[in-house]
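Peer 1: One structure coming up, written as structure tokens, with questions to follow.
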Amino acid sequence: MGPYEFNHIPVADAGRDRTVEAQAPWGATVTLDGSASSDADSTPGTTDDIKEFNWFEIDPCDPNADVFLGTGRIIDCNLTFGTHIIVLDVIDRAGAFDSNEVKIIVQDTTPPEFTNIPQDLAVACDGGYNLEQLNAWLACATAVDKCSDVTITNDFMGIVNSCGATGSTTVTWTAEDQYGNKATTSPAAFTIVDIIPPLIVCPEDVTLEYPADTTPGATGKATASDICGDVTIRFEDTIIPGCGYTKTIERTWMATDDCNNILSCVQVIKVVDTTPPRFEFSVSPTTLWPPSHKMVEITPDWKVSDECDPQPQVSLVKIVMSEDDNAVGDGHTTGDIEVDEDGRIYVRSERSGANSGRIYTITYQAVDDCDNVTVRSATVSIPHDFKVFTRIAHRWLLSGREGSIHVDFNSDGIVNLADFAGFAQNWIK
């Protein structure tokens, strides 16, 4: 009997069926391990009686065909995606053999991995819903997969409008490989904000004479614009009283955009009074006779009005006379002009015997609350001789057209006895 008369048939063990995760686009490197195979003729704890470990893969298209994978108790081989039936043939030293199959599935169940995940982003409103920035943000997600290309999609449905051209959206991105494995990001928000106030241009400061129209239609209106929406313009006036009815208006123009951002500017409108009062002034009497050297009260009378002051102040400026206080032939008196503490005016009814007569010129002024002044004068005359005075008066009256006296000798705008005195002097000469 030969050395293998009592040979035992080896037992092939290709290992357990298993599923392997793909490691690359082509599949996975799989370790085939036949270490569990045995042979009773082997030294205990070894498989030294097994001479060959041969690995084959059954052709999925032809069960009767196989593909040799390699020899060895343990080998590594590259398997593509899908199900693989692997056969292990073991042969002992006597040529006895055994086969065992193992099923290995190579698959991809690992989702893609995001390499860039969009974060919350707030941008300043550009008036056009920030499309360039939005599109860049939506496109910034990236992902990779070990086994295939990746398609990235998102659930963007549009901007939810807020004030003006602002708004927001919340977006989730999904990365999917060609085997249907998906990875999804946490939601991220894209927000368009408007914190920039409108641009506003105030009308120019103006100075107007009272009375004046100070409405915006007359003094100008502010203009404003905003990149992110419409603008509402309004104004508030702060009035600073001045003299009379004058005033300074600080007109604050405010531009408010759709998002309640506000910017203001101040226009200054001054209403001034540079017009003096209307002032008519006269005295009574305008002629004194006889030259008795006595003091005679002169009563002033006036009419005064002003657009900007209901009560202009009227006051005496001065009283002058055409002769010295103690002229030759006037009776040796002095103090010919008096104004008492109540403002009553007294002048002396006298004139020099050497002259043609005396004229008192009384000057008053009307001052309004803005210190505009109108000055008027009136005269009181004492002629040298009453007969001459009568003849002169007759000639003077005849110098004008019928029913009127038009000779204004001193050019003060009033035809009165001062003009008569001037006429008299010329006539006497």
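Position 415, counted from 1, in the sequence shown is what this note's numbering calls 418; the numbers after and before it change by one each time, with no gaps. Here a beta-carbon is modelled for each residue, glycine too, at the ideal position from N, C-alpha and C.
Can you check whether the CB of LEU72 is closer than 7 angstroms to the CB of VAL109?
Peer 2: For this step, residue 109 is matched to residue 106 along the sequence shown. For this step, residue 72 is matched to residue 69 along the sequence shown. No, Cβ-Cβ distance for VAL109 and LEU72 is not below 7 angstroms.
Peer 1: Quick check on the burial criterion: 16 or more other C-beta atoms within 10 angstroms. Buried or exposed for LEU134?
Peer 2: The sequence position of residue 134 within the sequence shown is 131, counting from 1. Under this definition LEU134 is an exposed residue.
Peer 1: One question on the structure: do ILE252 and ILE272 come within less than 7 angstroms of each other, judged by their Cβ atoms?
Peer 2: Here residue 252 corresponds to residue number 249 of the sequence shown, with the count starting at 1. Here residue 272 corresponds to residue number 269 of the sequence shown, with the count starting at 1. For ILE252 and ILE272, yes; Cβs fall inside 7 angstroms.
Peer 1: Please identify the residue among LEU291, VAL274, ILE365 and SER295 whose C-alpha is closest to the C-alpha of PHE284.
Peer 2: Mapped onto the sequence shown, residue 284 falls at position 281. When only C-alpha atoms are compared, the closest one is ILE365.
Peer 1: DSSP state of ALA239, grouped into three classes?
Peer 2: Sequence index remark: in the sequence shown, residue 239 carries index 236 (1-based). Note on residue identity: the sequence assigns Glu, not Ala, to residue 239. It is a strand residue.
Peer 1: Looking only at C-alpha atoms, which of THR302, PRO315, PRO303 and ASN329 sits nearest to HIS296?
Peer 2: As a position in the sequence shown, residue 296 is number 293, starting the count at 1. Closest option to HIS296, Cα to Cα, is ASN329.
Peer 1: In this structure, what does DSSP give as the bridge partners for TYR363?
Peer 2: For the purposes of this step, residue 363 is taken as the residue at position 360 of the sequence shown. DSSP lists MET324 and VAL383 as partners of TYR363.
Peer 1: Quick test of your reading: SER308 and PRO279, contact by CB under 8 angstroms. State the CB separation rounded to the nearest angstrom.
Peer 2: Residue 308 sits at position 305 when you count from the first residue of the sequence shown. Residue 279 sits at position 276 when you count from the first residue of the sequence shown. SER308 to PRO279, Cβ: 11 angstroms. No contact.
Peer 1: Taking the straight line between their C-alpha atoms, what separation do you get for GLN26 and ALA125?
Peer 2: On the sequence shown, position 23 is the one that residue 26 refers to. On the sequence shown, position 122 is the one that residue 125 refers to. Going from the Cα of GLN26 to the Cα of ALA125 covers about 40 angstroms.
Peer 1: Who does HIS87 pair with in a DSSP beta bridge?
Peer 2: Residue numbering aside, residue 87 sits at position 84 when the sequence shown is read from its first letter. Bridge partners of HIS87: ILE107.
Peer 1: Thinking C-beta only, is ALA15 closer than 7 angstroms to ASP101?
Peer 2: The count along the sequence shown starts at 1 and reaches residue 101 at position 98. The count along the sequence shown starts at 1 and reaches residue 15 at position 12. Contact: yes.
Peer 1: In whole angstroms, what separates the C-alpha of ASP276 from that of THR217?
Peer 2: Within the sequence shown, numbered from 1, the residue matching residue 276 stands at position 273. Within the sequence shown, numbered from 1, the residue matching residue 217 stands at position 214. Taking the straight line from one Cα to the other gives about 14 angstroms.
Peer 1: Quick one: using the 10 Å Cβ neighbour count with 16 as the cut-off for buried, is GLN314 buried or exposed?
Peer 2: As a position in the sequence shown, residue 314 is number 311, starting the count at 1. It counts as exposed.
Peer 1: Assuming GLY170 contacts ILE195 (C-beta within less than 8 angstroms), just tell me the rounded distance between them.
Peer 2: Working through the sequence shown from its first residue, we reach residue 170 at position 167. Working through the sequence shown from its first residue, we reach residue 195 at position 192. With 8 angstroms as the limit, GLY170 and ILE195 qualify as a contact, their Cβ atoms being about 5 angstroms apart.
Peer 1: For GLN122 versus ALA225, is the C-beta spacing smaller than 7 angstroms?
Peer 2: For this step, residue 122 is matched to residue 119 along the sequence shown. For this step, residue 225 is matched to residue 222 along the sequence shown. In this structure, ALA225 does not lie closer than 7 angstroms to GLN122 by Cβ.
Peer 1: Once the 5 residues before and after TYR182 are set aside, which same chain residues still bring their CB inside 6 angstroms of it?
Peer 2: As a position in the sequence shown, residue 182 is number 179, starting the count at 1. For TYR182, where only same-chain residues beyond five positions count, the Cβ hits under 6 angstroms are ASP111.
Peer 1: Starting from GLU135 and walking both ways along the beta strand (DSSP E), at which residues does that stretch end?
Peer 2: Along the sequence shown, one-based indexing puts residue 135 at 132. GLU135 -> not in any beta strand (DSSP E); alpha helix (DSSP H) instead, spanning 134 to 141.
Peer 1: Are LEU291 and ILE385 close, meaning C-beta to C-beta below 7 angstroms?
Peer 2: For this step, residue 291 is matched to residue 288 along the sequence shown. For this step, residue 385 is matched to residue 382 along the sequence shown. In this structure, ILE385 lies closer than 7 angstroms to LEU291 by Cβ.
Peer 1: Along the chain, where does the beta strand (DSSP E) containing THR188 start, and where does it finish?
Peer 2: Here residue 188 refers to the residue found at position 185 of the sequence shown. Segment: none, THR188 is in no beta strand (DSSP E) and carries neither H nor E.
Peer 1: Could you tell me whether the region 86 to 94 touches the region 33 to 49, using the rule of 3 or more Cβ pairs below 8 angstroms?
Peer 2: Yes: at least three Cβ pairs fall under 8 angstroms.
Peer 1: What residues are listed by DSSP as bridge partners for GLY73?
Peer 2: Here the question's residue 73 lines up with position 70 in the sequence shown. Paired residues: TRP58.
Peer 1: Go through its chain and collect everything with a Cβ distance to LEU211's Cβ below 6 angstroms, but skip five positions before and after it.
Peer 2: The residue given as residue 211 occupies position 208 in the sequence shown. For LEU211, where only same-chain residues beyond five positions count, the Cβ hits under 6 angstroms are VAL274.
Peer 1: Between VAL105 and GLY30, is the Cβ-Cβ spacing less than 7 angstroms?
Peer 2: Counting from one through the sequence shown, the residue named residue 105 turns up at place 102. Counting from one through the sequence shown, the residue named residue 30 turns up at place 27. Result no, Cβ atoms of VAL105 and GLY30 do not sit closer than 7 angstroms.
Peer 1: DSSP three-state label for THR112, please.
Peer 2: In the sequence shown, the residue the question calls residue 112 occupies position 109. Residue state, collapsed to three classes: coil.
Peer 1: Taking C-alpha atoms, which residue in GLU116, ARG254, THR249 and GLN316 lies nearest to PRO219?
Peer 2: Position 216 of the sequence shown, counted from the first residue, corresponds to residue 219. Among GLU116, ARG254, THR249 and GLN316, the Cα nearest to that of PRO219 is on ARG254.
Peer 1: For a quick check, are the C-beta atoms of THR118 and THR145 less than 7 angstroms apart?
Peer 2: One-based indexing of the sequence shown puts residue 118 at position 115. One-based indexing of the sequence shown puts residue 145 at position 142. Yes. Within cutoff.
Peer 1: Using a beta-carbon distance below 7 angstroms, is ILE88 in contact with chain D?
Peer 2: The structure shown contains no chain D; it is built from a single protein chain.
Peer 1: Given a cut-off of 7 angstroms on the beta-carbon distance, is the pair GLY158 and ASP180 in contact?
Peer 2: One-based indexing of the sequence shown puts residue 158 at position 155. One-based indexing of the sequence shown puts residue 180 at position 177. Contrary to the premise, residue 158 reads as Asp rather than Gly in this sequence. No, the pair does not count as a contact, with Cβ atoms beyond the cut-off.
Peer 1: Could you name the residues of the same chain whose beta carbon sits closer than 8 angstroms to that of GLU405, not counting the 5 residues immediately before and after it, in chain order?
Peer 2: To locate residue 405, count along the sequence shown from 1; it is residue 402. Here GLU405 scores only 42 on pLDDT, less than 50, and its place in the model should not be relied on; the value that follows carries that caveat. Excluding positions up to five away in sequence, the list is empty.
Peer 1: Between which two residues does the beta strand (DSSP E) harbouring PRO303 extend?
Peer 2: Position 300 of the sequence shown, counted from the first residue, corresponds to residue 303. Residues 298 to 308.
Peer 1: Just checking, does the region 370 to 379 make contact with the region 340 to 348 on the three C-beta pairs under 8 angstroms criterion?
Peer 2: Judged by Cβ distances under 8 angstroms, the region 370 to 379 makes no contact with the region 340 to 348, as fewer than three pairs qualify.
Peer 1: Are THR177 and THR187 closer than 7 angstroms when you measure CB to CB?
Peer 2: Sequence index remark: in the sequence shown, residue 177 carries index 174 (1-based). Sequence index remark: in the sequence shown, residue 187 carries index 184 (1-based). Against a cut-off of 7 angstroms, the Cβ pair of THR187 and THR177 comes out as a contact.
Peer 1: Among ARG76, GLN270 and PRO47, whose alpha-carbon lies nearest the alpha-carbon of PHE59?
Peer 2: On the sequence shown, residue 59 is found 56 positions in, with the first residue counted as 1. Among ARG76, GLN270 and PRO47, the Cα nearest to that of PHE59 is on ARG76.
Peer 1: Taking the alpha-carbon positions, what's the GLY360 to ILE243 distance?
Peer 2: For this step, residue 360 is matched to residue 357 along the sequence shown. For this step, residue 243 is matched to residue 240 along the sequence shown. Taking the straight line from one Cα to the other gives about 55 angstroms.
Peer 1: Which term fits ASN57, buried or exposed, when burial requires 16 or more other beta carbons within 10 angstroms of its beta carbon?
Peer 2: Numbered from its first residue, the sequence shown carries residue 57 at position 54. When all chains shown are included, ASN57 counts as buried.
Peer 1: Using DSSP bridges, identify the partner residues of MET257.
Peer 2: By one-based count along the sequence shown, residue 257 stands at place 254. DSSP output for MET257 lists ARG237 and SER267 as bridge partner(s).
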